[in-house]
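J.: Have a look at the structure that comes next, please.
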Amino acid sequence: MQRHIARTVAAVSGGERAQHMRAKRPEGMVRLDSGTPNFPTPPHIREAAKKALDEGLTHYAPGQGDPEFLQAVCETVERETGAVYSPDDVFATNGASSGIYTVFTAFLDPGDEVILMDPTFSLYAHVARQIGAVPVMVPHGADYHIDAAAVRAAVTPRTRLILVNNPNNPTGVVYRRAGLEALAALCEEKDLMLVSDEAYEKILQPGYGHFPLLAMREHKGRLILLHTLSKTYAMTGWRLGYVVAPPDLGNLLFGVHRSINGPICTFVQRAGAAALRGPQRCVEEFGAEYQKRGGLMHKLALQVPGLRPVDPQGGFYLYARYEYPLSSKEVHRRLWEGGVAARSGSEFGAAGESHLRFTYSVDEKTIAKGMAIVRQVFGQLG
Ligand SMILES: Cc1ncc(COP(=O)(O)O)c(C=O)c1O
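The numbering of the sequence shown is my numbering, which starts it at 12 and goes up by one.
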């Protein structure tokens, strides 16, 4: 039966991201492809949700969010960046995902452009296309850092937003302060908004420090933070994130969010407040595990002939270039047939071609098993 599907939706539905999401994984496949931590959500966070349920917090939350959660976000932002925001400048989202949709919808008319670093988390380009906007992918510079000159060269009269994801998914690179400052200055000069998705800011390898977007207080009117509790607190299934916006834009953005999403689950927001305000030992413990796992995966990847992994810096992804004349989609397919799921670099942008992304948010046994298959499959590529 022929039915009309919106042109923009039809255009994205066959993309690599959509295909990967839909693919059925055979029984026993080793999963190095997912973006979810394998830790349970810490007990004090679960308890806060149970307490809220028992207190009857099972109805609509206030529109922008539960006051305790919004206040906890403001305290967190001030503690970590020195920037003072009011709960009116924040709203709760369904993970970072609905925040991304909201910000793009608010600033991009059809045909408008958002500049993204290439490669980057594939949802950004997908959402931009789905709303009829244009993702402009700007390749990273040396060592997968921001190439501010290339970004400047990519700005056109249709550019509205520059978005960075720091630390970057899929490269695992933690951007340097200078690159971010250059982008903020460019946004001032060209009248653009600078958006940062800092989902992995708390997951860092030894020796790496994260420079938060909102610390650039002199640019407050141009900065938007997208955040989520998914990765830091192992809460991917709870669906809780937040957006921090310039004071005069909080209401406008929240209005957009309200039209795609009702208020976020009340007791989940209480759990979120407990996560942000409670002891952060769990974050340190997860971090120590990711350091071990990242180190192990990197070591094993170095033993795979023709694979050149990037040193892990932040997040829980190992990004690796390979030296065979095959598309990353094809290598991904061969790995899949060999029994290990990874992500094809081209899913994250054209610059991701000849690269793969492996996840190390799984246990060490799974990492070892998966990388053994990678080694075996690569042995047959040459
Ligand atoms: C960079 C980045 N942002 C956002 C998300 C989505 O997060 P959430 O589950 O909070 O919607 C992910 C998930 O993998 C991600 O990698």
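Don't be surprised by glycine CBs; every beta carbon is placed ideally from N, CA and C.
#1: Determine the burial state of Ile111: buried for a count of at least 16 other Cβ atoms within 10 Å of its Cβ, exposed for fewer.
#2: Taking 7 angstroms as the line, does the beta carbon of Gly106 fall inside it for any heavy atom of ligand 1?
#3: Between Gly39, Gly143, Ser97, Lys340, which lies nearest to Thr19 when the distance is taken from Cα to Cα?
#4: Span of the beta strand (DSSP E) holding Arg18?
#5: Identify, in the order they occur along the chain, each residue of the same chain with its Cβ nearer than 8 angstroms to the Cβ of Val94, setting aside the five sequence neighbours on each side.
#6: On the criterion of 16 or more Cβ atoms from any shown chain inside 10 Å, does His2 qualify as buried, or is it exposed?
#7: Just the Cα atoms here: how many angstroms apart are Tyr244 and Cys293?
#8: So what's Ile235 in DSSP terms, helix, strand or just coil?
#9: Restricting to runs no shorter than 3 residues, where is the beta strand (DSSP E) found entirely within the stretch 83-146?
#10: Can we say the stretch 293-306 touches the stretch 152-161, given the rule of at least three CB pairs closer than 8 angstroms?
#11: What residue range does the alpha helix (DSSP H) around Asp65 cover?
#12: Is the beta carbon of Leu251 less than 8 angstroms from the beta carbon of Ile275?
#13: Let me make sure I understand the geometry here. Which of Tyr211, Met128, Ala164 has the alpha-carbon closest to that of Leu174?
#14: Taking the continuous alpha helix (DSSP H) assigned at Asn176, which residues delimit it?
#15: Which of helix, strand or coil does DSSP assign to Leu251?
#16: What are the partner residues of Asp208, as DSSP defines its beta bridges?
#17: With which residues is Gly325 paired in a DSSP beta bridge?
#18: Could you compute how far the alpha carbon of Leu277 sits from the alpha carbon of Tyr371?
#19: Verify whether the separation of the beta carbon atoms of Tyr333 and Val101 is less than 8 angstroms.
#20: Whose C-beta lies closer than 8 angstroms to the C-beta of Lys62 among residues of the same chain, with five residues either side of it excluded?
#21: Is the closest heavy atom of ligand 1 to the C-beta of Asn272 under 7 angstroms?
#22: Quick check on the DSSP output: the alpha helix (DSSP H) that includes Arg269 runs from which residue to which?
#23: Quick check for students: name the residue ranges of the alpha helix (DSSP H) that lie wholly in the stretch 317-387, counting only runs of 4 or more.
#24: Check whether the Cβ of Ala60 sits closer than 7 angstroms to any heavy atom of ligand 1, and report yes or no.
#25: For the pair the stretch 202-222 and the stretch 316-331, tell me if three or more CB-CB distances fall below 8 angstroms.
#26: My output table needs one value for Val149: the three-state DSSP class, helix, strand or coil.
#27: Check this for me: beta carbons of Phe118 and Met204, under 8 angstroms apart or not?
#28: Short check: CB of Ala159 to CB of Gly122, under 8 angstroms?
T.: Per the coordinate set shown:
#1: For this step, residue 111 is matched to residue 100 along the sequence shown. That one is buried.
#2: Start at 1 with the first residue of the sequence shown, and residue 106 comes out as number 95. Yes, ligand 1 has a heavy atom inside 7 angstroms of this Cβ.
#3: One-based indexing of the sequence shown puts residue 19 at position 8. Of Gly39, Gly143, Ser97, Lys340, the residue nearest in Cα terms is Gly143.
#4: Position 7 of the sequence shown holds residue 18. Unbroken run through Arg18 is the alpha helix (DSSP H), 18-24; no beta strand (DSSP E).
#5: By 1-based counting over the sequence shown, the position of residue 94 is 83. According to the sequence displayed, residue 94 carries Ala and not Val. Around Ala94: Val88, Leu225, Ala226, Arg228, Lys231.
#6: No information on residue 2 is available, as it lies outside the stretch 12 to 393 that the chain covers here.
#7: Start at 1 with the first residue of the sequence shown, and residue 244 comes out as number 233. Start at 1 with the first residue of the sequence shown, and residue 293 comes out as number 282. Approximately 8 angstroms, taken between the alpha carbons.
#8: Working through the sequence shown from its first residue, we reach residue 235 at position 224. The three-state reading of DSSP puts Ile235 in strand, counting E and B together.
#9: 101-104, 124-129
#10: no
#11: Here residue 65 corresponds to residue number 54 of the sequence shown, with the count starting at 1. Counting along the chain, the alpha helix (DSSP H) containing Asp65 begins and ends at 54-65.
#12: In the sequence shown, counting from the first residue as 1, residue 251 sits at position 240. In the sequence shown, counting from the first residue as 1, residue 275 sits at position 264. Contact: yes.
#13: Here residue 174 is taken as the residue at index 163 of the sequence shown, counted from 1. For Leu174, the nearest C-alpha among the options comes from Met128.
#14: Within the sequence shown, residue 176 is the residue found at index 165, counting from 1. Under the DSSP assignment, Asn176 falls outside any alpha helix (DSSP H), being part of the beta strand (DSSP E) whose first and last residues are 170-176.
#15: To locate residue 251, count along the sequence shown from 1; it is residue 240. Note: Leu251 maps to coil in three-state DSSP.
#16: For this step, residue 208 is matched to residue 197 along the sequence shown. For Asp208, which the question treats as bridged, DSSP gives the partners Asn176, Leu237.
#17: To locate residue 325, count along the sequence shown from 1; it is residue 314. Paired residues: Leu215.
#18: Locating residue 277 in the sequence shown gives position 266, counting from the first residue. Locating residue 371 in the sequence shown gives position 360, counting from the first residue. Looking at the sequence provided, one finds Thr at residue 277 rather than Leu. In a straight line, the C-alpha of Thr277 is about 32 angstroms away from that of Tyr371.
#19: What you label residue 333 is simply residue 322 of the sequence shown in a count that begins at 1. What you label residue 101 is simply residue 90 of the sequence shown in a count that begins at 1. Not closer than 8 angstroms, so no.
#20: Taking the sequence shown and counting its residues from 1, the one referred to as residue 62 is at position 51. The residues are Arg281.
#21: Locating residue 272 in the sequence shown gives position 261, where the first residue counts as 1. No heavy atom of ligand 1 is found nearer than 7 angstroms to the CB of Asn272.
#22: The residue labelled residue 269 in the question sits at position 258 within the sequence shown. Note, Arg269: alpha helix (DSSP H), 261-271.
#23: 339-349
#24: The count along the sequence shown starts at 1 and reaches residue 60 at position 49. Not so, every heavy atom of ligand 1 lies at least 7 angstroms from the Cβ.
#25: Result yes; three or more Cβ-Cβ pairs closer than 8 angstroms.
#26: As a first step, residue 149 is located in the sequence shown; it is residue number 138 there, counting from the start. Three-state DSSP puts Val149 in a strand.
#27: Mapped onto the sequence shown, residue 118 falls at position 107. Mapped onto the sequence shown, residue 204 falls at position 193. Closer than 8 angstroms, so yes.
#28: The count along the sequence shown starts at 1 and reaches residue 159 at position 148. The count along the sequence shown starts at 1 and reaches residue 122 at position 111. Cβ atoms of Ala159 and Gly122: not closer than 8 angstroms.
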